[in-house]
Every structure is written in structure tokens, then in C-alpha cells.
Amino acid sequence: RNHQLMASKQENVRADKKRLPMIVANIGLPSDVDGALKAGADGVGLFRTEFLFLSSKRLPTENEQFRAYKVVLAQMAGRPVTIRTADVGGDKTLPYLRAATEANPFLGNRAIRLAFSQPDSFRVQLRALLRAAVYGKLSVMFPLVTTLDELKRAKQMMANERAKLTHQHISVGDVRVGIMVETPAVAVLADQFASEVDFMSIGTNDLTQYVMAADRGNQQVADLYQPNNPAVFRLIKTVIGACHDNHIPVSVCGEMAADKMAIPILVGMGLDAFSANPRSINKVRCLIKRLNHRKMVTLANKVVTMAGTTNQVEAFVQQAVHNE
Ligand code: PEP
Ligand code: MG
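Take 250 as the starting number for the sequence shown in the UniProt record's numbering and just add one per residue.
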């Protein structure tokens, strides 16, 4: 069975290579699916479920969550849907899911860390997701993973909830399990994580702030918050290489996926999917269609080896791709 799984993953990656990369949508609420479909999204690459939570005075119940996830899967009608477990904390706080006041919330108890400190709420979400998976092609990913232990713990909790539901004769569906790549620790050890997941999605908004040590919301260090810094691209290359060595697909779901300076580089690195705001999908698709893949491979290699600043990277892409 394991062997079969490998073979099919391998075929997927190969097929994705031959095809153009997938262009999928970032959404925050089920009501965003309409816009994603109208924009021609090939699927949902990131459903930020915390928005469901932010619009409620208390934790949405298992059934409320189940219905929201089911609606998205059903409306996407068999297209792939990636749902991220709640990414609360940092700049997104909730009265009913809250860490103690922290000096550095972005380095503190947020995302999967907060989920582990409030395991009952996390279990509710996992159960809702497993039940909804019956209605479509669901991938679940965990935000801000930093260590392999965290990943194993989250997977174990999901397996436990699956077993409980099955024992209660409640239907559950197949779920692919993945992680967001948002911490340098995961990017550096991507090869070790790749053998433990079905896919990865690079969250360049957070990855940039942690690589550059520059708060993504702080105007005073905005000039240091550089998604197109060569340091970020080297890490992204490491992640894509590790995923493809392990025959799993990898996407970008941060703002970078819609940046015309970054897209040519990501195409050249062989990224499998771009997940962007529905408003950007058309623009992303048009740009990707007109890129020559072989030339982008050369361009991407140049970017990671050039003794470069962010300005040099952007000037190089501008000249190579946009000044034609
Ligand atoms: C990211 O960090 O790039 C990401 C997609 O997650 P969010 O913007 O919700 O933190
Ligand atoms: Mg993030």
C-alpha cells in the first residue's frame, strides 16, 4: 500500500511538471468560494479557517465547522481544497482562544502551538475536518510548524480523532496531511519533514519575517521585510528540492505567489502550485502562461547564486522577463 502511494505521488508530481503549475485560491470564508470559482481557480490552496472563528463570539461548534468545510468542498466539486487549521495568535487574537500576554507574540504561542495548548478546541476542528472530507478532495495543513515532534503530535491527534469517529460509526473521508513552511527551522530541515507529509505549502509572509527578523506589520522595519531577498529564495529552493526528491507537491500560498518579480523565479524552481487571492488569479495565470520554462530554470539558478541584494534580484527579473 505504501508502495502504491509512492507511485501515485510520483505520477502526480510528474504530471504537474508537464502541465502548467496549478493556480489555486486563498479564501477566508465559505462565501469567498464564488469569487474563487469565477476567477477560474483550479482549487483552494489556503482556507484560513481562523476567519470563521474571528467572526464568532465563541468557538464554532463541531457541526458549525463541519458545515462550513463541507460547503467549500461541495462547491469546489472535486477540485482540491486545502484547509489550514486555525492560525490564531500573533496579530490575530480571539477572546476565547488566547495565550497569556506576551512580549513577542509572533515568536510566542500562536498557530499550531496555541492548538496544542488548547487541545480540546483543536480536536473539535480535526473532527469537523475529517467528517467534511467525505464531500471532496481535502488536504489539511498545520500552520507554523517548527519541529518534527510537533508534526508527529498533530498527526497523532488527527489519527486519534479518526479512530474515535470510526468507533462511533461516523463517516470520515481521506485527508492528505501537510504543513505550512513558515519557520526557517522547517525550511532548513525540509528533507526530514518531506518524508512525513503528503505536501507542503510555503507561507512566504511569515517565512520572510522570520528569515529577515523583521515584523511583517512594523512600519519601522518595513524596508527590511524583503520577500524577494536571495536568502528567502535559497530556502525556497531547498524546500522545493526536498519535496520533489520525496515525490510530493509544493505550493506557495503567501503574497509572493502573486508577485510578478517572484513568479518567474518560482516557475524556474519548479513550484507545483501558486495560491493567491482570487483578485490576482487572472494576472498570475497570464504571466505564468507567457513564461518560457527552460529560461526560467536558468533565471532561478542565477538568482540563488548571484551575490545579490533584493534590488538586484528584482532588477534582474525585470530586465529578463518584463522588459521584453
Ligand atoms: C503566510 O504566512 O505566508 C501565510 C500564507 O499565512 P498568513 O498570511 O495567514 O500568516
Ligand atoms: Mg502565516
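From the three backbone atoms N, C-alpha and C, an ideal C-beta is built for every residue, glycine too.
For the structure I just gave you, are there three or more beta carbon pairs, one from the region 501–518 and one from the region 532–548, closer than 8 Å?
yes
Flag this pair as yes or no: are the beta carbons of P527 and A349 separated by less than 8 Å?
no
Okay, do the region 314–329 and the region 384–404 touch, 3+ Cβ pairs below 8 Å being the bar?
yes
Give a yes or no on contact between the region 430–445 and the region 463–472, applying the rule of three or more CB pairs nearer than 8 Å.
no
State the Cα-Cα distance for the pair F371 and F365, rounded to the nearest angstrom.
7 Å
Quick one: is Q567 buried, meaning 16 or more other Cβ sit within 10 Å of its Cβ, or exposed?
exposed
Can you look up V424 in the DSSP assignment and give me helix, strand or coil?
Annotated three-state conformation of V424 is strand, per DSSP.
Is N353 near the ligand PEP, with its Cβ less than 7 Å from a heavy atom?
no
Any heavy atom of the ligand NAP closer than 7 Å to the Cβ of R297?
Ligands in the displayed structure: the ligand PEP and the ligand MG; the ligand NAP is not one of them.
Can you list, in chain order, the residues of its chain with a C-beta nearer than 7 Å to that of A403? Leave out the 5 residues immediately preceding and following it.
I361 and F391
Report the residue from V421, L397 and A408 whose alpha carbon sits nearest the alpha carbon of M429.
For the residues V421, L397 and A408, the minimum Cα distance to M429 belongs to L397.
Would you report the Cα separation of L308 and L346, rounded to the nearest angstrom?
8 Å
Within the same chain, show all residues whose beta-carbon is closer than 8 Å to that of N358, passing over the 5 residues directly before and after it, in chain order.
Here the set comprises G338, A348, A349, E351 and S366.
Give me the Cα-Cα distance between R333 and F296, rounded to the nearest whole angstrom.
Inter-residue distance for R333 and F296 is about 6 Å (C-alpha atoms, whole angstroms).
Which residue marks the beginning of the alpha helix (DSSP H) containing I514, and which one marks its end?
Where I514 is concerned, the enclosing alpha helix (DSSP H) starts and stops at I512 to G517.
Within the region 334–409, note down every full alpha helix (DSSP H) run reaching 4 residues or more, in order along the chain.
361–366 and 368–381
Is V570 closer than 8 Å to P513 when the C-beta atoms are compared?
Taking C-beta atoms as the reference points, P513 and V570 count as a pair closer than 8 Å.
Can you tell me which of V488, G422 and D369 puts its alpha carbon nearest to the alpha carbon of V383?
G422
What does the Cβ neighbour count give for A564, buried or exposed, with the cut at 16 atoms within 10 Å?
Exposed, because fewer than 16 other Cβ atoms sit within 10 Å of the Cβ of A564.
Grab me the residues of Q253's own chain with a C-beta within less than 7 Å of its C-beta, minus the 5 sequence neighbours each way, in chain order.
Summary for Q253: the model assigns pLDDT 47, below 50, so the residue's position carries little reliability, and this model does not support an answer.
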